[in-house]
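These protein sequences, in sequence, are chains F and B.
Read in order, the letters of the first sequence are residues 39 to 587 in the numbering used here.
Read in order, the letters of the second sequence are residues 5 to 340 in the numbering used here.
A virtual CB, placed ideally from N, CA and C, is assigned to each residue, including glycine.
From a predicted model like this one, the values you see are computed outputs, not experimental measurements.
Heads up: the structure comes next, in structure tokens.
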Amino acid sequence: MRPFAELLDRLVLTPQRNAKIKLMTDYFRAAPDPDRGYALAAIAGTLKLKIVKPNVLRQLVLERMDEVLFRYSYDYVGDLAETISLVWEPVATGKPASADLSLGAVMHQLETAGRANVHGLVRDLLDQLEGSSRFAFLKLITGGLRIGVSARLVKQALADMGNVDVTEIETLWHGLSPPYVSLFQWLDGKAGKPKLDMPAVFHAVMLATPVGDNDLASLDPKDFAAEWKWDGIRVQLANLAGTRRLYSRSGDDISGAFPDILEAADFEGIIDGELLVGGTMRTNRATRTFSDLQQRLNRKTVTRKILEEYPAFIRGYDLLFSSGHDMRPESFLTRRAALSALIEKAAPSHFDLSPLVPFSSWEELDRLRKEPPDPVIEGIMLKRLDSPYTSGRSKGPWFKWKREPYNVDAVLMYAQRGHGKRSSYYSDFTFGVWTEIDGKDVLVPVGKAYFGFTDAELEVLDRYVRNNTVERFGPVRSIRAEAGHGFVVEVAFEGINFSSRHKSGVAVRFPRISRLRTDKLPSDADRLETLLAMIGTPESNLARPAEPI
Amino acid sequence: MKPETLLYPTPKGLFCEKGGFYIDPVQPVERALITHGHADHARAGHTHVMATRETLDIMRIRYGDDFSVSTQEARLGIRTAIGDVTVSFHPAGHVLGSAQIAVEAAGIRIVVSGDYKQRRDPTCLSFEPVPCDVFITEATFGLPVFHHPDDRSEIAKLLTSLKQFPERAHLVGAYSLGKAQRIIALMREAGYDAPVFIHGAMARLCDYYESEGVALGDLRPATIDAKDKQSFAGAVVVGPPSAFADKWARRFPDPMPIFASGWMLVRQRAKQRGVELPMIISDHCDWPELTATINEIKPAEVWVTHGREEALVRWCELQGIAARPLHLVGYDDEGE
Chain F
39 MRPFAELLDR
49 LVLTPQRNAK
59 IKLMTDYFRA
69 APDPDRGYAL
79 AAIAGTLKLK
89 IVKPNVLRQL
99 VLERMDEVLF
109 RYSYDYVGDL
119 AETISLVWEP
129 VATGKPASAD
139 LSLGAVMHQL
149 ETAGRANVHG
159 LVRDLLDQLE
169 GSSRFAFLKL
179 ITGGLRIGVS
189 ARLVKQALAD
199 MGNVDVTEIE
209 TLWHGLSPPY
219 VSLFQWLDGK
229 AGKPKLDMPA
239 VFHAVMLATP
249 VGDNDLASLD
259 PKDFAAEWKW
269 DGIRVQLANL
279 AGTRRLYSRS
289 GDDISGAFPD
299 ILEAADFEGI
309 IDGELLVGGT
319 MRTNRATRTF
329 SDLQQRLNRK
339 TVTRKILEEY
349 PAFIRGYDLL
359 FSSGHDMRPE
369 SFLTRRAALS
379 ALIEKAAPSH
389 FDLSPLVPFS
399 SWEELDRLRK
409 EPPDPVIEGI
419 MLKRLDSPYT
429 SGRSKGPWFK
439 WKREPYNVDA
449 VLMYAQRGHG
459 KRSSYYSDFT
469 FGVWTEIDGK
479 DVLVPVGKAY
489 FGFTDAELEV
499 LDRYVRNNTV
509 ERFGPVRSIR
519 AEAGHGFVVE
529 VAFEGINFSS
539 RHKSGVAVRF
549 PRISRLRTDK
559 LPSDADRLET
569 LLAMIGTPES
579 NLARPAEPI
Chain B
5 MKPETLLYPT
15 PKGLFCEKGG
25 FYIDPVQPVE
35 RALITHGHAD
45 HARAGHTHVM
55 ATRETLDIMR
65 IRYGDDFSVS
75 TQEARLGIRT
85 AIGDVTVSFH
95 PAGHVLGSAQ
105 IAVEAAGIRI
115 VVSGDYKQRR
125 DPTCLSFEPV
135 PCDVFITEAT
145 FGLPVFHHPD
155 DRSEIAKLLT
165 SLKQFPERAH
175 LVGAYSLGKA
185 QRIIALMREA
195 GYDAPVFIHG
205 AMARLCDYYE
215 SEGVALGDLR
225 PATIDAKDKQ
235 SFAGAVVVGP
245 PSAFADKWAR
255 RFPDPMPIFA
265 SGWMLVRQRA
275 KQRGVELPMI
285 ISDHCDWPEL
295 TATINEIKPA
305 EVWVTHGREE
315 ALVRWCELQG
325 IAARPLHLVG
335 YDDEGE
């Protein structure tokens with residue numbers, strides 16, 4: 039248990055992606071089976087355990103401890119599992135000290151314990167485990183493990199461990215289950231790649247590279263098809279041998295949030311497409327923005343009301359399997375024709391075909407890219423007509439050519455120190471624009487950016503923050519920002535999300551600081567209304583701004 | 005005579021009227037008895053200071069030779085009369101030179117613990133329990149949550165990370181007096197013999213520890229100019245915690261922020277400070293040490309000062325020991 043507990047403690051406090059991967063790969067290399075498989079499941083969120091209720095834990099600790107002292111402790115720490123792990127005073131259990139306390143053994147005990155015995159088992163284990171392991175154990179059994187590692191990142195760590203491509207892990211992922219012994223045997227080089235017998239598993243998606251400065255000059259427009267790049271999320275829908283699944287681009291199973299789409303999928307095969315909210319082109323209703331789609335994301339289940347208000351559909355891009363037939367070796371043109379036929383017969387309310395954009399020269403396409411016919415378009419996709427469907431991102435067959443970003447002038451409001459190389463720099467900036475609240479012009483935050491500037495510009499920003507700090511809240515500094523005194527930056531961004539966390543009610547997407555505008559005063563910065571008008575968001579759609587803090 | 009009249013709290017600090025002295029006063033006074041050299045306990049500007057030789061040396065290093073008008077060395081275990089009162093100093097196990105101060109008059113003995121800990125520390129003498137009527141204990145970590153682990157396991161975390169991330173400079177934030185030297189000494193005990201780089205602020209104190217027989221091995225100033233940045237890859241740099249948020253830290257390649265402190269036990273505290281590798285090493289008692297000390301000394305009464313007083317008072321009540329909080333102000337526990 040201890041190596042896993044130490045891994046968790048490190049992961050929670052490690053901000054850098056590569057350092058997280060290193061910590062996980064080292065652990066996976068060193069830990070035995072089945073421990074590492076359970077650890078993997080815990081991190082990736084695939085571990086199924088009976089959940090122990092907080093009240094049971096509270097009872098356990100109060101058997102041993104004065105209630106007042108416990109309350110003081112809990113008030114100070116603020117987290118029940120952590121408090122109990124820290125205050126627990128082990129007593130001799132009478133069990134041999136050599137008892138197996140590996141993660142695998144603990145999981146096995148929990149899995150086989152009858153409901154009536156859980157109480158006593160948890161008490162015994164708390165007595166046997168040391169502090170850090172008690173914490174990990176309590177987090178596991180209360181289902182409260184939050185470690186800031188995405189499923190994608192842990193798959194990357196597995197790929198690094200076995201020196202294989204991450205798409206191979208993604209393809210296998212949904213066909214395997216904890217404790218993943220066959221997976222680790224393969225990554226260790228001790229066995230062959232696991233064979234999957236379950237259909238409808240995820241197939242790693244094909245990705246595009248951005249159009250570089252000189253890429254198009256050497257390419258012939260006649261070799262390519264162009265499509266709009268829609269601003270939803272890329273998904274894969276599989277319906278094979280009676281199993282239906284919807285996966286995100288990185289292979290996360292998001293079926294639970296989209297029962298409407300699964301139900302409507304009455305064709306056999308696997309399609310690749312964009313998940314969007316609104317009406318399909320076949321029903322002549324408008325495609326709605328990403329912020330509407332957001333209402334449907336990150337949910338385990340959905341209510342009838344949400345289903346009605348935010349109907350989801352898939353705009354088809356590609357066909358991987360037609361019934362059980364693997365279409366991936368076929369050319370784009372062939373796959374596209376088969377996809378078109380499939381969607382023709384599918385439910386018009388939930389499926390349409392991403393239209394091709396006719397063009398004869400790159401200049402013409404560039405013009406179309408800059409003025410797309412729909413606000414939910416974020417650029418152009420270029421696909422080689424003769425290209426097969428290959429997983430991953432290789433340069434050549436597919437290109438993405440994004441619309442120009444939006445730009446606003448905003449005022450720096452808060453700054454926070456960065457991590458790693460930037461731990462002594464104020465490098466994470468919350469910026470805001472003007473709006474009128476109660477008859478007065480005030481700055482409201484609309485986003486947070488931590489890149490886009492050069493190292494030399496960072497020196498300038500850092501100096502400004504240090505010399506113009508108004509207040510400190512822990513690691514955050516509030517910066518002087520008044521109409522006549524403050525720091526204006528040009529922020530480039532891709533769109534706007536609704537956000538109840540920001541006082542403005544919105545947050546810009548993918549913001550970066552593109553220029554320092556030392557020539558401007560905060561009074562010259564943009565207004566919230568300007569920002570909303572840019573992306574054609576009617577203000578009535580805005581979430582009600584939160585009360586001023 | 006009641007103990008409350010022998011020693012009582014005032015805005016300047018704990019005052020002994022009969023002897024005309026303060027213990028660890030927070031403002032300049034005529035006569036001060038100092039338990040140890042940390043800045044919040046040992047301040048400059050008193051007229052007369054009595055403390056252990058090491059504490060007086062440390063005050064001289066920190067404040068210059070004129071930190072007080074006159075000084076008097078307190079020898080451990082030796083009883084000295086001040087007016088109608090007898091005082092004696094006893095090891096507290098907190099940092100080099102740290103002492104508890106016993107104050108006696110009319111058959112009553114009060115022991116002021118100062119800051120103390122009850123576990124092995126290669127850089128200072130161990131705590132010695134002194135029988136007394138009233139024990140004045142600190143309560144910096146006076147909550148049942150505080151269980152400081154074995155310091156060897158914490159040092160092992162650092163050594164493991166050095167192997168795992170040999171390209172990163174490991175920046176260990178540690179209080180300049182006591183904690184820094186203890187960390188270095190513990191690393192040496194664990195077999196780490198590479199040079200340790202130290203912040204300028206702790207150089208003189210490290211020299212002093214060495215001169216007092218605490219071996220710290222190869223110490224070098226962390227002041228190589230910027231073009232030599234890579235020479236700190238995989239190195240251990242020890243400095244005061246505040247320096248790591250400062251521009252000073254920019255000279256190091258991809259620094260890993262580490263903080264050696266008892267507070268690091270609580271994960272949220274580590275996260276808030278941006279610490280990547282918390283080392284739970286404290287120069288104060290944890291909860292089991294506090295309660296074991298009281299059980300060992302068995303004083304008639306316990307007075308609790310700076311820290312989480314209410315929990316320790318509650319615990320004493322549950323044990324049937326009279327206890328009350330002293331509400332002294334001016335002692336800072338954040339740097340611990």
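Pairwise C-alpha distance: F:Met244 and F:Lys233: Cα to Cα, the separation comes out at about 22 Å.
Complete beta strand (DSSP E) runs within the segment 209–287 of chain F (minimum length 3 residues, chain order): Here the runs fully enclosed are 262–268, 271–278 and 281–286.
Nearest-angstrom Cβ-Cβ length linking F:Tyr348 and F:Gln333, presumed shorter than 8 Å: Correct: roughly 5 Å between the Cβ atoms.
Chain-order list of residues whose beta-carbon lies under 6 Å from that of F:Ala584 (same chain, five-residue window excluded): Residue placement at F:Ala584 is flagged as unreliable, the pLDDT there being 36, under the threshold of 50; a coordinate-derived value is accordingly withheld.
Backbone secondary structure at F:Glu101 - three-state DSSP: In the structure shown, F:Glu101 sits in coil (DSSP, three-state: anything other than H, G, I, E or B).
Cβ-based contacts, 7 Å cut-off: residues of the segment 114–148 of chain F near chain A: Chain labels in this structure do not include chain A; the protein chains are F and B.
F:Phe536 versus F:Phe491 - alpha carbon distance: Distance between F:Phe536 and F:Phe491, taken at the CA atoms: about 26 Å.
C-beta atoms of F:Ala521 and F:Ser561 nearer than 8 Å: Yes, these two residues count as a Cβ contact at 8 Å.
Nonlocal neighbours in the same chain, by C-beta distance under 6 Å from F:Leu377, ignoring five residues either side: Result list for F:Leu377: Gly354 and Leu357, in chain order.
Local Cβ density within 10 Å of B:Thr127, reported as buried at 16 or more and exposed below that: When all chains shown are included, B:Thr127 counts as buried.
Collapsed DSSP secondary structure at F:Asn157 in the structure displayed: For the sequence presented, residue 157 of chain F should be read as His rather than Asn. Looking at F:His157 - three-state DSSP - the assignment turns out to be helix.
Local Cβ density within 10 Å of B:Val187, reported as buried at 16 or more and exposed below that: Per the sequence shown, residue 187 of chain B should be read as Ile rather than Val. Buried, by the Cβ-count rule.
Selected residue, minimal CA-CA separation from F:Arg287, among F:Thr205, F:Leu380 and F:Ser170: Closest by alpha carbon: F:Thr205.
Rounded straight-line distance, which links the Cα of B:Val333 to that of B:Asp61: The straight-line gap separating the alpha-carbon atoms of B:Asp61 and B:Val333 is approximately 26 Å.
Bridge partner(s) assigned by DSSP for B:Thr51: In the DSSP assignment, B:Thr51 is bridged to no other residue.
C-alpha distance - F:Leu580 paired with F:Asp330, whole-angstrom precision: Reliability of the predicted coordinates at F:Leu580 is poor, the pLDDT of 42 falling under 50, and the value obtained from them is presented with this limitation in mind. If you take the alpha carbons of F:Leu580 and F:Asp330, they lie about 11 Å apart.
Partners in chain B for F:Arg455, counting only beta-carbon separations shorter than 8 Å: Close to F:Arg455, with beta-carbon spacing below 8 Å, are these residues of chain B in chain order: Ala249 and Gly278.
Assigned secondary structure, F:Gly142 (DSSP; H/G/I helix, E/B strand, else coil): In this structure, F:Gly142 counts as helix in the three-state DSSP scheme.
Bridge-paired residues (DSSP) for F:Trp436: By DSSP's assignment, F:Trp436 forms a beta bridge with F:Lys421.
Nearest residue (CA-CA) to F:His241, options F:Ser360, F:Ile308 and F:Thr372: In this structure, F:Ile308 is the residue among F:Ser360, F:Ile308 and F:Thr372 with its C-alpha nearest to the C-alpha of F:His241.
N-terminal and C-terminal residue of the alpha helix (DSSP H) that B:Tyr335 is part of: Note, B:Tyr335: premise wrong, no alpha helix (DSSP H); not H, not E.
Residue-chain proximity (B:Glu171, chain F), Cβ-Cβ < 8 Å: Not an interface residue.
F:Glu497 (DSSP reduced to helix, strand or coil): Three-state DSSP puts F:Glu497 in a helix.
For F:Val604, three-class secondary structure by DSSP: As shown, chain F starts at 39 and ends at 587. That puts residue 604 of chain F outside it, with no answer to give.
Distance between F:Lys338 and F:Ala545 (C-alpha atoms, nearest Å): So the alpha carbons of these two residues sit roughly 24 Å apart.
With 16 other Cβ atoms within 10 Å as the buried cut-off, status of B:Glu8: With fewer than 16 neighbouring CB atoms inside 10 Å of its own CB, B:Glu8 falls in the exposed class.
C-beta neighbour in chain B for F:Gly316, strict 8 Å: For F:Gly316, the closest Cβ of chain B is not nearer than 8 Å.
Paired residues, beta bridge with B:Arg224 - DSSP: Among the bridge pairs identified by DSSP, B:Arg224 is matched with B:Phe201.
Reference B:Pro225; option with closest CA among B:Gly204, B:Asp211 and B:Tyr212: Comparing Cα positions, the closest option is B:Gly204.
Cut-off 6 Å between Cβ atoms - residues of its own chain near F:Ala229, not counting five sequence neighbours on either side: Once the five neighbours on either side are set aside, the close Cβ partners of F:Ala229 are Gln223.
Where F:Thr556 falls, given that 16 or more other Cβ within 10 Å makes a residue buried: Classification for F:Thr556: exposed.
Same chain, Cβ closer than 6 Å to B:Glu21, neighbours up to 5 away in sequence not counted: When the five nearest sequence neighbours on each side are left out, no beta carbon in the same chain lies closer than 6 Å to the beta carbon of B:Glu21.
Proximity winner among F:Trp268, F:Arg272 and F:Ser360, relative to F:Ala324 (alpha-carbon distances): Between F:Ala324 and the set F:Trp268, F:Arg272 and F:Ser360, the nearest pair of CA atoms involves F:Trp268.
Contacts of F:Met103 in chain B (Cβ-Cβ under 8 Å): Those within 8 Å of F:Met103 in chain B are Pro148.
Proximal chain F residues relative to B:Gln168, where beta-carbon distance stays under 7 Å: Within 7 Å Cβ-Cβ: Lys60 and Asp64.
First through last residue of the alpha helix (DSSP H) which encompasses F:Thr180: Boundaries of the alpha helix (DSSP H) around F:Thr180: Gly169 to Thr180.
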